[in-house]
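Remarks on the structure that follows.
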Amino acid sequence: MSNTDDIRWVTQVALLGDKNAFDKLTCKYQSPIRRFFLNLTAGDGPLSDDLAQETFIKAYLNITAFKGLSGFSTWLYRIAYNVYYDSVRAQKHYEDIDESVIDNQHHTLNEFSAEKMDIYKALKMLRKEEQTAVLLFYMEDKTHKEIARIMNCPLGTAKTYILKGKERLTVYLTKAGYGN
Amino acid sequence: METNNKDKLLKDFFSNYKQEIADNGFTAHVMQKLPEETYRGWIVWIFAAIGMALTFYIGLQSGLVDHLLVLFKHVPVYYIIGGVFCFPLLGTAGFYFSQTKDYHLI
Numbered sequence: 046m047s048n049t050d051d052i053r054w055v056t057q058v059a060l061l062g063d064k065n066a067f068d069k070l071t072c073k074y075q076s077p078i079r080r081f082f083l084n085l086t087a088g089d090g091p092l093s094d095d096l097a098q099e100t101f102i103k104a105y106l107n108i109t110a111f112k113g114l115s116g117f118s119t120w121l122y123r124i125a126y127n128v129y130y131d132s133v134r135a136q137k138h139y140e141d142i143d144e145s146v147i148d149n150q151h152h153t154l155n156e157f158s159a160e161k162m163d164i165y166k167a168l169k170m171l172r173k174e175e176q177t178a179v180l181l182f183y184m185e186d187k188t189h190k191e192i193a194r195i196m197n198c199p200l201g202t203a204k205t206y207i208l209k210g211k212e213r214l215t216v217y218l219t220k221a222g223y224g225n
Numbered sequence: 086m087e088t089n090n091k092d093k094l095l096k097d098f099f100s101n102y103k104q105e106i107a108d109n110g111f112t113a114h115v116m117q118k119l120p121e122e123t124y125r126g127w128i129v130w131i132f133a134a135i136g137m138a139l140t141f142y143i144g145l146q147s148g149l150v151d152h153l154l155v156l157f158k159h160v161p162v163y164y165i166i167g168g169v170f171c172f173p174l175l176g177t178a179g180f181y182f183s184q185t186k187d188y189h190l191i
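So the sequences go chain by chain: A and B. Each residue of the first sequence is one higher than the last, beginning at 46 in our numbering. Each residue of the second sequence is one higher than the last, beginning at 86 in our numbering.
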């Protein structure tokens, strides 16, 4: 399925309110968007599914705002990024509470979590922006330019996030025995 | 460690953890949550009607319709009949190719 299909489906949704076309878009992008959230939330399956659902609903409601300057995938990740940071900002009210205690009591792990602890630990070494940029670059195969669009920042800033994230992760992974 | 090696280390690390997540009803759940939209197909018909009306208006104003009528008077009738009979053939061929676009001829 190509970008041409995306444009056709987006047009059908925007012009005719065709839900079948949006169903196809959701089906195509559910996996990368849910994976993106799953990694950002350190494996919290229900939370990442809630965020992904919110992303798709926002995409549906604002689909007429999609101008086609970037790919639909980039636009969708932009919404996902905003949804995630809105959720992070909302959680800042509870900053004083000891996070590790909450994690231990309520942290929900998905079926892959046990074997994925390494990636979550590694990502925790990074700042939120670096996590996002590194995930988009190395996991979701986005280009620097697309990452800058998704994060709504200058190209140089996006490159810096990736570079800093790369440096920290390399040190961590080398210490953890990867790459030996 | 060199930049290329660092890149390779990270690419290998992340690709190792890259997984496809099964839908498991996620799409259906999203579709249920979407707000109801009214049918907007009428927009297409409105624009088509405006377009046709404009075409006829401009055609009448510029004398294009008169020219076409004169042209038709000079075209032999069997040309027109032949043209009309071509439509089902072209339509069928177009439909066939649109339906078989996913198949490849070996």
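Note that beta-carbon positions come from the ideal geometry of N, C-alpha and C, so glycine has one too.
CB contact flag (A/F111, A/N48, <9 Å)
Here A/F111 is not near A/N48, since their CB atoms are 9 Å or more apart.
Which listed residue (A/L106, A/I207, A/V58, A/K220) has its alpha carbon closest to that of B/D92:
Answer by Cα proximity: A/I207.
Pull up the CB-CB distance for A/E130 and A/I195, whole angstroms please, since I reckon it's below 8 Å.
The sequence shown places Tyr at residue 130 of chain A, not Glu. So it is not a contact: roughly 11 Å between Cβ atoms.
Considering Cα atoms alone, identify which of A/T219, A/L200, A/A221, A/F82 is closest to A/K173.
A/F82
Can you grab the Cα-Cα spacing for the pair A/F182 / A/Q136, in whole Å?
26 Å
Applying the criterion that 16 or more other CB atoms from any shown protein chain within 10 Å of the CB defines a buried residue, is A/I220 buried or exposed?
It is Lys, not Ile, that sits at residue 220 of chain A in the sequence shown. Label assigned to A/K220: exposed.
What do you get for B/F98, buried or exposed, if any count of 16 or more other CB atoms within 10 angstroms of its CB means buried?
buried
Using a Cβ-Cβ distance cut-off of 9 Å, determine whether A/L214 contacts chain B.
yes
Cα-Cα separation, B/K158 to B/I135:
29 Å
Can you list the residues of chain B that A/I164 reaches, using a CB-CB cut of under 9 Å?
Chain B residues near A/I164: F98, F99, N101, Y102.
Would you check if there are 3 or more beta carbon pairs closer than 8 Å linking the region 144-162 of chain B to the region 94-110 of chain A?
The region 144-162 of chain B, when compared against the region 94-110 of chain A, does not touch it at the 8 Å Cβ threshold.
Using a Cβ-Cβ cut-off of 7 Å (strictly less than) and excluding sequence neighbours within five positions of A/I78, which residues of its own chain qualify?
A97, T100, L121, A125
Give the secondary structure of B/E105 by DSSP, where H, G and I count as helix, E and B as strand, and everything else as coil.
coil
Proximity winner among A/L180, A/L92, A/H189, A/A167, relative to A/A217 (alpha-carbon distances)
Per the sequence shown, residue 217 of chain A should be read as Tyr rather than Ala. Taking only the C-alpha atoms, the option nearest A/Y217 is A/A167.
Along chain B, in chain order, which residues have C-beta atoms closer than 7 Å to that of A/L218?
L94, F98
Exposed or buried, what is B/M137 when buried is set at 16 or more other beta-carbons lying within 10 Å of its beta-carbon?
Exposed, because fewer than 16 other Cβ atoms sit within 10 Å of the Cβ of B/M137.
Determine, using beta carbons only, whether A/Q176 comes closer than 9 Å to chain B.
no
Indicate whether A/R20 and B/I106 have their beta-carbon atoms separated by less than 9 Å.
The structure shown does not extend to residue 20 of chain A, since chain A is modelled only from 46 to 225, so the question has no answer here.
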